[in-house]
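Report on one structure; see the data block that follows.
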Amino acid sequence: MLLQNQRPQLRPQTTAHLAQTMALLELTVEELHQKVEAELARNPALELIDEFRCPTCHKILHNKQLCPTCTNTMGGSPDQPIVYLSSHEDFFVKPRISSYSNDLPDDNFAPDRETLPAYILRQVGPDLHVDDRQIAVHILTAIDEDGFLTIKPLEIALYHHVPLSRVEKIIHLIQHADPIGVGSAGPKDALLVQLEVLSEHLAIPHLAEKAILAGIELLSPHHLPELARHLNIPASQAKEIVRFISDNLNPFPGRAHWGDQTNAGSSEGQENTYHFPDVIISRATEEENTPLVVEIAMPFYGSLRVNPLFREALQEAPIEKSELWQEDLEQATLLVKCLQQRNHTIVRLMQTLVVKQRDFILYGDAYLKPITRADLADELEVHESTMSRAVSDKAVQLPNRRIIPLSMFFDRSLHIRTVLKQLIEQETYTLSDSQIAVLLLGMGFPVARRTVAKYRSIEGILPAHLRNRSYKPHLMLPQHNEQSVAV
DNA sequence: CTATGGCACGGATT
DNA sequence: AATCCGTGCCATAG
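Residue numbering for the first sequence follows my numbering, starting at 183 and increasing by one per position.
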């Protein structure tokens, strides 16, 4: 349906515009950040000014945060989420949290993963003396959501009456388990361990270690000059180091990782299993009907523009440069436009998505509604391929601090799988697949027996005959959840 | 005979 | 056009 025309000023004008918008859409904040940075360095027509405009009312903001005017007027109800853009660099500084279920509220637990400590223990367990295991357990229980050790090794040593070196040996082992660097005292140590592991397979820039030692505050793109001075190297080299570090290392090892978490591999350390949130969703208040706050990471949005001085200078450009400059100017304009287009798309996407999947966001996997990208695409009046690009590879942090792929919002069967899992957890006797199928049907999910089997295997649940009763002390009454099958 | 996993097909999604 | 997903059919294990 091409009839609706609500946003004339943002419609792609040229094929180039279209192409680049598409390309940008696919990028993660981090990737986009890199691209913009590179362009900024290369193209003199592009300018970064310290000004940030509210995407809705276009007033200039100074804190790169919520626009007070808009918050008051439009922010507000459950179906009126507060959506705003935030600088990606600010994200980097904020500690981000893991997707593990450590201390999440019960109704919102991370479903398909064991807890981080258990995960690690499984890896290091075999390498440990029996006596050392409980020390390891002790250490693991003291790991916080970022993957850091919250107590001193010495305390542990004293508690168990063992030499400090022994504790340190165990910690060392833990640090080298996946996620690498977990169990370190802080970001600095975590980075160092990761660097060490990585160095076995990858060339690392010189002085990277020193750079880390200098302090992670200096690793932000903001502090390049300072870092360069500290290390006595040119800024360009410092930049390379910072780039390498942010590309390959993760200061918060406990942070989400998904994907092939199977190979706790010593190999392929640069496999991008760590994900930086492109969008952060949180609740405005603790109330039940709180509006959701959606924070979208957008590098430089609003503060990137075409340099007006450059435009002027173009008038008096020397002939031989004129063409080149003209090109730069066009590219700069294009980039800015495309960036706006990208932002606009993502904002609208999140706006509707957050409303539609509100229950999922707040109350967990069981409440995910199966939405297809195509549905949403035509609701937003964009091409479905555009949707696909916008969704792909992005990461979202939910209010419960889980970081999940944006594509999970479009999972067709997650809700059923979750129900299925609950069903099995609460089963009084081992249910067979066909029985489960019937139960699910009763609950309004018509699934074939065969499909139940598939879901089981996806969730890593064993078949009925191998699933010998794990005693559940709670909830053992055969209370049939008669879901009043009004048939 | 029942419960499951494998293979493969068709329709939906991307 | 390429992939993913739910299902049916069949072989196999228990």
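Yeah, the Cβ is synthetic: ideal placement off N, Cα and C, and Gly gets one too.
Excluding the 5 residues flanking it on each side, R571 has same chain C-beta neighbours closer than 8 angstroms at M204, L207 and E208, in chain order. Straight through space, the alpha carbons of V578 and L486 are spaced by roughly 24 angstroms.
For K421, same chain residues with a beta-carbon under 7 angstroms away, outside a window of 5 residues either side, are L406 in chain order. For Y266, the enclosing beta strand (DSSP E) starts and ends at I264 to S268. The alpha helix (DSSP H) runs of length 4 or more contained entirely in the region 451 to 516 are, from start to end of the chain, 490 to 497. P587 sits in a strand when the DSSP states are folded into three classes.
By the 16-neighbour rule on beta-carbons within 10 angstroms, L230 is exposed. Counting C-beta atoms within 10 angstroms of its own C-beta, D309 has fewer than 16 neighbours from the protein chains shown and is therefore classed as exposed.
A distance below 8 angstroms between beta-carbons, with the five flanking residues on each side excluded, links A646 to the following residues of its chain, in chain order: T612, L613, S614 and D615. Secondary structure within the region 543 to 630: the beta strand (DSSP E) runs of 3 or more consecutive residues, fully enclosed, are 577 to 579 and 585 to 587 (chain order).
Taking 8 angstroms as the upper bound for CB-CB distance, T534 and E561 are in contact here, some 7 angstroms apart. Excluding its 5 nearest sequence neighbours in each direction, P260 has C-beta neighbours in its own chain below 7 angstroms: N471, P473 and R540, listed in chain order.
Taking V349 as the centre and dropping the five residues before and after it, the same chain places the C-beta of I317, P335, I338 and A339 closer than 7 angstroms to its C-beta, in chain order. When the beta-carbon positions are compared, H199 and K519 come within less than 8 angstroms of each other. The shortest C-alpha to C-alpha distance from L623 to any of L602, E391, E609 and A417 is the one to L602. With respect to the 8 angstroms criterion, Q357 and V375 are classified as neighbours on the basis of their beta carbons. The Cβ neighbour count for H565, taken over all protein chains shown within 10 Å, is under 16; the residue is labelled exposed. Within the same chain, and ignoring the five residues on either side of R493 in sequence, the residues whose Cβ sits closer than 7 angstroms to its Cβ are L511.
In the displayed model, I423 falls within a helix according to three-state DSSP.
In this structure, R594 is the residue among T610, R594 and G642 with its C-alpha nearest to the C-alpha of V629. If you look at E229, you'll find it in the beta strand (DSSP E) that goes L228 to L230.
When A479, I586 and P587 are compared, the shortest CA-CA separation from R524 is found for A479.
For I242 and L596, the gap between their C-alpha atoms comes out near 42 angstroms.
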